[in-house]
Structures are given as structure tokens and as C-alpha cells.
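Novice: My structure is below; once you've seen it, I'll send some questions.
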Amino acid sequence: PLQAFIFDLDGVITESAEYHYLAWKALGEDLNIPFTREFNEELKGVSRMDSLEKILVLGGRQNDFTQEQKNSLAEKKNDHYCTLIQNITPADILPGIEPLLAEIRAQGLKLGLASVSKNAFTVMTSLGLKDEFDVIVDAATIAKGKPDPEIFLTAARLLGVEASACIGVEDAAAGVDSIKGAGMFAVGVGSAESLAKADLIYPNTSLLSYAEIVEKYQQA
Ligand code: G6P
Ligand code: MG
4 PLQAFIFDLD
14 GVITESAEYH
24 YLAWKALGED
34 LNIPFTREFN
44 EELKGVSRMD
54 SLEKILVLGG
64 RQNDFTQEQK
74 NSLAEKKNDH
84 YCTLIQNITP
94 ADILPGIEPL
104 LAEIRAQGLK
114 LGLASVSKNA
124 FTVMTSLGLK
134 DEFDVIVDAA
144 TIAKGKPDPE
154 IFLTAARLLG
164 VEASACIGVE
174 DAAAGVDSIK
184 GAGMFAVGVG
194 SAESLAKADL
204 IYPNTSLLSY
214 AEIVEKYQQA
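With UniProt numbering applied, the sequence shown covers 4 to 223.
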């Protein structure tokens with residue numbers, strides 16, 4: 004039986020995925036590597052250094068920088084991102100998320116967060132959600148980021164539940180791969196093309212339906 008929901012943060016609980024996009028896009032422009040929203044789909048859910056590497060490869064510039072220079076490029080992106088998230092408040096929780104969290108709680112299920120962002124605690128605190136979750140697994144807890152299943156498996160282990168008793172919610176292709184690799188039921192939020200491997204897809208969070216998700220989980 005279903006025991007827990009494990010949520011991604013950026014792009015699922017709040018619109019911070021847009022801020023990651025804007026900050027990477029600005030860095031890309033500095034480096035003469037412009038990129039599209041379509042390319043950005045490949046960055047979603049991917050760690051900071053892995054994202055930088057993908058951008059440099061896109062521009063054919065992966066050999067142009069020392070490790071030290073790459074670190075400062077990543078730091079520059081993060082400084083920009085941190086400025087963008089400064090004014091996040093509980094009003095920035097995406098539509099449909101609070102009623103879904105309330106329903107999960109009312110049903111006595113557990114709640115986990117699985118985000119590879121080093122800023123996850125800051126964002127969760129600004130949203131006023133940090134204490135709503137039974138466990139928060141972030142970059143500090145894991146060795147391998149998404150699409151590796153480690154982060155969702157770690158969340159399930161810390162919640163004390165089997166992977167098969169969990170539903171994962173993600174907006175990123177790398178995140179859906181991580182959920183499926185962990186052996187969980189995957190709910191995708193976003194475009195059907197990028198999230199094709201999810202078990203159930205909603206175009207946006209306002210359409211998330213607890214009853215429908217659980218029904219599909221039980222049928223799977
Ligand atoms: C999340 C976001 C990614 C971001 C990653 C690392 O997975 O979806 O876009 O690159 O976290 O975030 P950080 O805040 O550590 O740079
Ligand atoms: Mg995300």
C-alpha cells in the first residue's frame with residue numbers, strides 16, 4: 004500500500020526552476036553560448052557542476068577552462084541565482100501544491116523532499132515548508148545526482164518505507180529517470196515530450212489531483 008510521496012523542489016513546489024534557467028542563460032551569454040528553453044530541459048534536475056559541463060559541451064568550450072575557472076563560473080551562476088531567490092515567500096508555492104500536501108497529510112502518508120540543490124534548505128525555509136516534510140534529502144546527503152536513483156532511494160530509506168510504496172513527483176526528465184530507476188511510481192509535471200517516461204503527466208501543478216494519482220498508482 005501507498006506510504007509516502009517524495010517531491011522534487013525546483014519547478015514542482017515553486018517556480019525556482021525558472022530562476023535556475025535565467026541564471027544559466029545569463030552565464031551562457033557571458034560565455035558566448037546562447038541556449039534555448041528546449042536545451043534547458045536537459046539541465047533541469049541536474050547538479051550545478053554537471054549543468055555547467057553540459058553548457059560548455061553545447062558551446063564546444065569544455066576544454067577552455069581550468070577546474071578553478073569552472074568553479075568560479077559555477078559560483079557566478081549561483082550568486083545570480085541566490086539574488087533571484089532572495090524574495091521567495093510562501094506566496095510562491097505553486098498552485099495546487101498546498102492542497103495536495105494537505106491531502107497527503109490527512110491520509111496519514113509521509114512526505115519527503117528529493118532535491119540536488121545546495122539551496123534546497125534556503126528555498127524550503129523561505130516557502131515556510133521546511134517543517135512540513137518528514138525528510139529533506141539534498142546535495143549534502145548523496146554522492147550521485149539525478150538521473151541516478153540514489154536520491155529517491157535515500158529519501159525512501161530515511162522515511163522507513165519501501166520504494167514501491169512511494170510516489171515521486173518531478174518536473175525534470177533526469178528526475179523522472181531517477182524515480183523510475185528507484186522503482187517508484189512517477190508523476191511528471193510539465194511537457195509530455197520531455198517527461199515521456201513518467202507514469203502520469205500533468206501540464207502544470209494546478210491540475211494535480213490526489214485522487215487520480217492514487218487511483219493510477221493502484222492500477223499500476
Ligand atoms: C535542482 C535544479 C537544477 C539545479 C540543481 C542544483 O536539481 O533542478 O536546475 O542545477 O538543483 O542546484 P544548486 O542550487 O545546488 O546550484
Ligand atoms: Mg525540478
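Idealized CB from N, CA, C, for every residue including glycine.
Would you kindly work out how many angstroms separate the C-alpha atoms of residue 204 and residue 94, rounded to a whole number?
Specialist: 24 Å
Novice: Quick check on residue 132: buried or exposed, where buried means 16 or more other Cβ atoms within 10 Å of its Cβ?
Specialist: With 16 or more other Cβ atoms within 10 Å, it is buried.
Novice: If distances are taken between C-alpha atoms only, which option among 61, 19, 152 comes closest to residue 127?
Specialist: 19
Novice: Keeping to the same chain, check which residues put their C-beta closer than 7 Å to that of residue 37; ignore five residues upstream and five downstream.
Specialist: 31, listed in sequence order.
Novice: Which ranges would you report for the beta strand (DSSP E) in the region 164-207 if only whole runs of at least 3 residues count?
Specialist: 169-173, 188-192, 203-205
Novice: Taking 6 Å as the limit between beta carbons, can you name the residues of its chain near residue 189, skipping five residues before and five after?
Specialist: 171, 179, 182, 183, 201, 202
Novice: Does the count of Cβ pairs from the region 69-82 and the region 102-118 closer than 8 Å reach three?
Specialist: no
Novice: Comparing the CB of residue 82 with every heavy atom of the ligand G6P, is any distance shorter than 7 Å?
Specialist: no
Novice: Taking only three categories from DSSP, how would you classify residue 125?
Specialist: Here residue 125 sits in helix by DSSP.
Novice: Where does residue 114 fall in DSSP's three states?
Specialist: strand
Novice: From what residue to what residue does the alpha helix (DSSP H) around residue 140 run?
Specialist: Note, residue 140: premise wrong, no alpha helix (DSSP H); beta strand (DSSP E) at 138-140.
Novice: Can you say whether residue 208 is buried or exposed, counting buried as having 16 or more other CB atoms within 10 angstroms of its CB?
Specialist: buried
Novice: Taking Cβ to Cβ, would you say residue 156 is nearer than 8 Å to residue 177?
Specialist: no
Novice: Given this structure, state the Cα-to-Cα distance separating residue 129 from residue 161, to the nearest angstrom.
Specialist: 24 Å
Novice: Per DSSP, which one or two residues make a beta bridge with residue 42?
Specialist: Its beta-bridge partners do not exist; DSSP assigns none.
Novice: Using DSSP with H/G/I as helix, E/B as strand and the rest coil, what is residue 144?
Specialist: helix
Novice: State yes or no: is the C-beta of residue 64 within less than 8 Å of the C-beta of residue 34?
Specialist: yes
Novice: What span of residues does the beta strand (DSSP E) with residue 158 cover, start to end?
Specialist: Element bounds for residue 158: not the beta strand (DSSP E) but the alpha helix (DSSP H), 153-162.
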